[in-house]
Structures are given as C-alpha cells and as structure tokens.
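As structure tokens, the structure follows; a few thoughts come after it.
There are 2 protein chains.
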Amino acid sequence: MKNVTLKELAAKLGVSVSTVSRALTDSYEINVETKKRVQKLAKELNYQPNPFAAFLRKHVSKTIALIIPEISNNFFTLVIKGVETICQEKDYYVLIYETHEDYLKEVRIVNHLIGGRVDGFLISVNSGSDNVDHLKEVLNRDVKMVMFDRVVDDFNVSKVYSNDYESGFDGMSHLVNRGCKRILFLRAGDNLSTMQKREKAYFDVLEKHGLPIDHSLIKSFVPSKEVDLDDLTKFILDKKPDAIFCTIERLAIACYDICNNLGLNIPNDIKIITFSCLNVARLLNPSLSTISQPAFEIGKTAAKLLIDEIEGKKEQKEIVEVVLASTINKRDSTKRHL
Amino acid sequence: MKNVTLKELAAKLGVSVSTVSRALTDSYEINVETKKRVQKLAKELNYQPNPFAAFLRKHVSKTIALIIPEISNNFFTLVIKGVETICQEKDYYVLIYETHEDYLKEVRIVNHLIGGRVDGFLISVNSGSDNVDHLKEVLNRDVKMVMFDRVVDDFNVSKVYSNDYESGFDGMSHLVNRGCKRILFLRAGDNLSTMQKREKAYFDVLEKHGLPIDHSLIKSFVPSKEVDLDDLTKFILDKKPDAIFCTIERLAIACYDICNNLGLNIPNDIKIITFSCLNVARLLNPSLSTISQPAFEIGKTAAKLLIDEIEGKKEQKEIVEVVLASTINKRDSTKRHL
DNA sequence: GTGAAAGCGCTAACAA
DNA sequence: TTGTTAGCGCTTTCAC
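Residue numbers (our numbering), protein chains in the order written: chain A, 15 to 352; chain B, 15 to 352.
Written out as structure tokens, the structure reads:
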C-alpha cells in the first residue's frame, strides 16, 4: 500500500486538497463540520503528512542535527540526552551524526546539512584538522549553528562549553596537594580548544607550586582510538611518575589496566585523576577520581540556544557564550595512602 | 545567502536545469565539456542538492531510522556503532530515535516514520505495552522494518537477537556450580521477549539441579528508570540471597552500591552476575562477571538485512531470523571465595 | 467557507 | 547533446 496523501483524502471526501490541508492544520476558516469529517477520515486511514513535501514549501523542517566525534562516550551520550530533552519539549527532531574524529567526514556531513536537511545543527568539532572553511561556509547559508564543548575560537556563533581551565587547575592542584611531584599529562587531540586549556592548567599549577616543568612528561593520543597499551606501559615505566593526569576517560582506563599488569598500586604507588563522565567511577578498584563535565546541561543549553536562533528574528541574532562548571570528585585513586 | 539551487546554476551557466541535473549525476548523455563547466561551478558555489526535493521525486531517501529505548546504555551504544558501520559503507544516513520505554512515544515515532521520512527502520521495541498495532500498520506501507534484540513473536519481519535462553542458562549454571542455592532474579521489562527467555533459563537451571523454586525471589523493575535503592535494599535484606542474577547492567550497579552500603562482601557473602556490555566490568571492585551480548554484530547484521530489503526486489522478500551468541565472562564477582 | 492554482527544488519522460 | 515540461505532496495566495 502506498502511503496516504492529501489528494486521496480529498477524493474520498469529495472536497479539495486545500480544504483538507486547512482542516488538518485546524485553520479557523474551515467549517466545523467539514473539519470533523476530514479529521475523522485522516485518523482512520492513519494519514501522516510527508515531511519532505512540507519542508519544500515551508523551508522549515523542525529538525536539527547533532554532530559529535563518537557516540560511545559517556560525555556525548549525556549531551545527547540533554539535547533530546529540549527537542522533545519544543517538538523538534534530532539527527545524530558521528565524525569518528575524521576531518573529511565532518566536511561531508556539514556540506550535506547545508543542503537544507535541517534547520540548524550543534557541533563539537573533530580533532583531525584545524581547517574550518567548511564551517565558515555555513555562516553564509540559511542553516544555524551552535558549537559546544570543542569550540573554535574567533568564530562568530554561540558556544557552550565547560570551564576546562579552572577544573583542570583544581584537578592538578588536588594532585599536588596530595604530594605528587612527577605528574604525567596525557593529552588527546592536541589542537582542541578544551585540550589546550587543560594543558595550560597543568603548567600553571606546576609553576605556582614551584615544581619542575618537564615537557617529556607529556604524551599525546588520538581521541576515540584504541590506546596503544604497550607504548603507554613503556612510557610509564620510563618516566616513573607518582601521578597521572588524564584528559579523557579512555586513558584512565588504560592506566588502570597497565597498573594492574605492572603490579603498581593505585594510589599508593601512583595516583590517577581524569576528566570523565563515567557513572561507575565510584565502583572501580580503586574508585576513580574524576573531573566531570556537566554534559547533560551542556546539551540542554546548546539545544536551547540553537532553537532560539532558528525561531528568532534574524536581526536580533545574538551571539552568546555559556560556560558551565565541571564537578571534581575526589576518590580513592588520589587518596594520600590507602 | 540562500542555498544554491540547480536553477541558479543553470542561469549562471546559460543552460537548462535538466542539463545541470544530468551533468551533476554524471549522465552519459551530456557533453564532456558542459559537464566540466557545470561541475566546476557547482564546486565553486558548493552546491548541495536539497534532499527533500530529491526524495519527493524519487521516493528514496537513503536514510534509515534506528528506534531504541535509550541511548545511554552500552548495549545500544554498540548497536548504533554497528549500524553506522554498515550505513557508512552503503552510503545511508541514520536517524536515531529514543522511546524512553514509552509506548506512546514509540507509536508517535513509528507513525511519523511511515509518513515517508525514511526508507526503513530498525526497532528494539519498548517495554511499556504489548500492543503492536502501530507496527502492524507498517507492514501495509512502503517502509521496511527489521526488529532486533527485543523482538515481537509472530511478526512477519526479519529479526536479529541473541541467544538469551542459552546464555542465561549458562550464567545461572555458573552460579549454581559455585554453590549458590538462593538466587535472586531481577527482571526489567516483564513483557519483553528477551526477559521471558532469561527467566525461563532461571527456572530451568534451578529445576535441573533440583533446587527449590521460590517465586518470591523474583523482582521486577522498569528498564531505563532509576533503581529504587531503598526498596531493593529491603528486598535483599529480607531474602538473604547467596547470589543475584541481574538481567540488566543497571541492576548490577545498584547491587554493588547496596552491598557496599550494607558491608556485604562480593563474592564471599553474595555473588553477582549480570547481562551487560559494560566495558570496564573487569575494573570494578570486584571485577564483575557478565553475560555480554554481541551488540556490535547485532547492529551490523540488522542494518545489513534492512538495507538488503530496501534495495531488493519486492517479490523475493525473504524473512530471516538471525541469532547471535553472547559471551560469558566469569570474573571475581562470582568467584568461589576471594 | 471552499476551491483553483502556483510553486518549493528536483528528476525524468519526451521533444527537438 | 540539450531543452521543455510534468509532477512528487504539500502550503498558501487569490478568487469565488
């Protein structure tokens, strides 16, 4: 069976297509009786308007896209939840696109979207490249954009992110206050705005406490890629740190596995803290100290900003930057002595 | 700036719209020179075809939907990954919809989809209701459907799921072999196909080993809803089990928290095993024994089946049921004595 | 209060 | 090889 169309409804009812259309949008100019008849039949046949046709006329799809590096990541999972919460309220549909940290994939997705598939999109940029020409192109089009978490500086759009510098500073200070002096800094995605702030915090805390700054204690990883355990094991054995500051959860997990393999006790031999939204962090062995970003709130806020912009008047286009605070959870992995 | 259209390209080049259209689809009947000119300008202006308009003509959107109960669940996260892997290959777009276990939401989503937004969809049904009229309706439409994991019996569509009975049986046998006699069974979503199989396995193992069957040791929960810790704590204190068989990860997490609160040692006082795709299960305190469903494979297989059906001839519509095996990971939470 | 008709951007059958 | 035209399903202006 073909899907039911307005035309079919009209034929069956002996009225015109436009009457049916108006009746279904509950237009005031339609006779109550007609309206009832139309709505009754529409319900019976389970008429569903074709969103493509509607879009073509109205140029409004009531759909937004969410572009993220990867979905299997607690942070982004929570962001999605936040976005969906708002979109449910406002009656928008959400399309989720994954870039897998691939610059070219991001370009393709963004280009596809400016074709007019969505009214706007939220993006957390990939770590594959600094090139943002594809995003600049968006500014010229009818598609709205809001950036979150991994944002691009000097870009004239609204942004939502967390206080990476401050929370990184707190996390590092916590380690130093616990007596750590030789702290590894494991980065992921060197060119990301978030990463650079976390790194600055690392150096600033060391400096503030008069601790030696050793650039060889820093190691870079590719986000959303499997961690090379052998390589990291060698690095740890070589550097003999008393603590590790991880910028993403995956690195902390790898460190746990490695410490288990090496028979290193956390926190006695080595302390670990990480940026992470892992909800079972408290149940790990030992419980993991985390800096948790307000992912759910970030999603909600970004979605709100985007929808406001989509529905708002163009002239009042107002660029906003919202910074939300992370929470630091001090647990056993950074205890003084267990 | 408005988005670039075929018409604009045609005007700029002094050719007709259809020529441009054909040149861009690389039609053989277009002069090579013209083709080059068109493609050059299209690239310069970053022309992106409007997918809505294309769909309206072709009735093919190269898009499928994925309907799941919730996204923040490791199982579904992996399913998504599998689906995306296939869709990337075959050049399909994926739309993700969450039902949050809400029957009405599922009805709304399905109805929306049969309007023609997608070529087909994958669904893991919600636990809110046994009513499947909205799904029956799909069979009459031009939209294809494949069910996965939580499937509906006696429904004439392809299905992909895991061997819940067998793996449940193995999990339960493992507990019994470890000497457990008083085993709680924590269910989630009573009317789900998966749950019923897991429950049958529970009873069959008890029976096989001549252990007493006590229906009061079974407790139901609502999936994807916060677990009521007080309630579950009372239940555990009341029943004094020597093991808990959890049908979903969330319940196992709750049990860990409760045991910690009560000072019960896992596995000495109480053993725990659960269905779960949690990737840090091995790092928990104690490491958690799991039955892991092949989520990634399920997603891949389901997506393949769906796309085959979409692209295949109608006459050969072939209904398939694929059953994939789960893996059992025996860890410290079910050790004989730690 | 209702209908006729135009047009959104694209594809494809038919003409030239 | 290229142009003309109709039409996908819907909304909306204009006419009655």
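All C-beta atoms in this analysis are idealised placements derived from N, C-alpha and C, irrespective of residue type, glycine included.
Worksheet entry | Close-in-space but distant-in-sequence residues of the same chain around lysine 173 of chain B (CB under 8 Å, 5 per side omitted) | Val160, Met161, Phe162, Val165, Val334, Glu335, Val336
Worksheet item: Can a CB atom of chain B be found closer than 8 Å to the CB of aspartate 163 of chain A?
Response: no
Item to complete: Kindly list, in the order they appear in chain A, the residues whose Cβ is closer than 7 Å to that of glutamate 115 of chain B.
Response: Near glutamate 115 of chain B there are no residues of chain A at all, since even the closest Cβ is about 14 Å away, more than 7 Å.
Item to complete: List the residues of chain B whose Cβ lies closer than 7 Å to the Cβ of lysine 26 of chain A, in chain order.
Response: Chain B residues near lysine 26 of chain A: none, gap ~17 Å exceeds 7 Å.
Worksheet item: In terms of residue numbering, what span does the alpha helix (DSSP H) encompassing phenylalanine 259 of chain B cover?
Response: First-last for phenylalanine 259 of chain B: 257–260, but that is the beta strand (DSSP E), not the alpha helix (DSSP H).
Discussion item. On the criterion of 16 or more Cβ atoms from any shown chain inside 10 Å, does alanine 215 of chain A qualify as buried, or is it exposed?
Written reply: buried
Fill in: Contacting residues, own chain, Cβ-Cβ under 7 Å from methionine 15 of chain B (five flanking each side not counted)
Any reading at methionine 15 of chain B needs caution, since the residue's pLDDT is 49, under 50, leaving its predicted position unreliable; the model's value is listed next. Once the five neighbours on either side are set aside, methionine 15 of chain B has no close Cβ partner at all.
Fill in: Per-residue burial, proline 308 of chain B [other beta carbons within 10 Å of its own, 16 or more giving buried]
buried
Discussion item. I want to see whether chain B comes within less than 8 Å of proline 281 of chain A, judged by CB atoms only; does it?
Written reply: no
Discussion item. Less than 8 Å between the beta carbons of isoleucine 94 of chain A and isoleucine 85 of chain B, yes or no?
Written reply: yes
Item to complete: Could you confirm whether any beta carbon from chain B is found closer than 8 Å to the beta carbon of serine 306 of chain A?
Response: no
Discussion item. Runs of 3 residues minimum, wholly inside the region 175–208 of chain A: which ones carry the beta strand (DSSP E) assignment?
Written reply: 197–202
Worksheet item: For serine 230 of chain A, which three-state DSSP category applies?
Response: helix
Practice prompt. Taking lysine 95 of chain A as the query, report the chain B residues whose CB atoms sit under 8 Å from its CB, ordered along the chain.
Written response: Ile85, Ser86
Worksheet item: When the Cα of threonine 288 of chain B is compared with those of B/Asn154, B/Ile100, B/Leu198, which residue comes out closest?
Response: B/Leu198
Discussion item. Cβ closer than 9 Å: which chain A residues qualify as neighbours of threonine 91 of chain B?
Written reply: Ile85, Ser86, Asn87, Thr91
Discussion item. If the cut-off is 8 Å on Cβ atoms, which residues from the region 43–74 of chain A count as contacting chain B, listed in chain order?
Written reply: Asn60, Gln62, Pro63, Asn64, Pro65, Phe66, Ala67, Phe69, Leu70
Worksheet item: So which residues of chain B does histidine 126 of chain A contact, with C-beta pairs closer than 7 Å?
Response: Gln62
Discussion item. For leucine 297 of chain A and leucine 298 of chain B, which I take to be in contact (beta-carbon distance under 8 Å), what is that distance rounded to the nearest angstrom?
Written reply: 5 Å
Item to complete: Spell out whether any CB of chain A is found under 8 Å from the CB atom of asparagine 299 of chain B.
Response: yes
Discussion item. Which complete beta strand (DSSP E) runs does the region 246–320 of chain A hold, if anything under 3 residues is left out?
Written reply: 257–260, 285–289, 303–306
Practice prompt. Output, in chain order, the set of chain A residues within a Cβ distance shorter than 8 Å of glycine 134 of chain B.
Written response: None at all; the shortest Cβ gap to chain A is about 13 Å.
Worksheet item: Among residues of its own chain, excluding the 5 on either side of serine 35 of chain A, which ones have a beta-carbon nearer than 8 Å to its beta-carbon?
Response: Leu20
Item to complete: Could you spell out where the beta strand (DSSP E) holding asparagine 343 of chain B opens and where it closes?
Response: 341–343
Worksheet item: Is the shortest distance between the beta-carbon of aspartate 156 of chain B and the beta-carbons of chain A less than 8 Å?
Response: yes
Worksheet item: Which residues in the same chain as valine 29 of chain A place their Cβ atom closer than 8 Å to its Cβ, once the five residues preceding and following it in sequence are excluded?
Response: Thr48, Val52
Practice prompt. Using a Cβ cut-off of 8 Å, pull out every chain B residue sitting near isoleucine 286 of chain A, in sequence order please.
Written response: Under the 8 Å cutoff, chain B gives no residues; its nearest Cβ is about 12 Å from isoleucine 286 of chain A.
Worksheet entry | Coarse secondary structure for phenylalanine 90 of chain B, derived from DSSP in three states | helix
Discussion item. For aspartate 133 of chain B, count the other beta carbons within 10 Å of its own beta carbon; 16 or more makes it buried, fewer makes it exposed. Which is it?
Written reply: buried
Item to complete: Would you check if there are 3 or more beta carbon pairs closer than 8 Å linking the region 141–161 of chain A to the region 176–194 of chain A?
Response: no
Item to complete: Could you check which residue in A/Cys101, A/Leu92, A/His126 has the C-alpha nearest to that of tyrosine 106 of chain B?
Response: A/His126
Fill in: Neighbour-count burial assignment, isoleucine 227 of chain B, 16 or more Cβ in a 10 Å radius
exposed
Worksheet item: Do threonine 91 of chain A and threonine 91 of chain B have their CB atoms nearer than 8 Å?
Response: yes
Worksheet item: The beta strand (DSSP E) spanning glycine 22 of chain A covers which residue range?
Response: What sits at residue 22 of chain A in the sequence shown is glutamate, not glycine. Here glutamate 22 of chain A belongs to no beta strand (DSSP E); instead the alpha helix (DSSP H) covers 20–27.
Discussion item. At a CB distance below 8 Å, what residues from the region 330–350 of chain A approach chain B? Give them in sequence order.
Written reply: none
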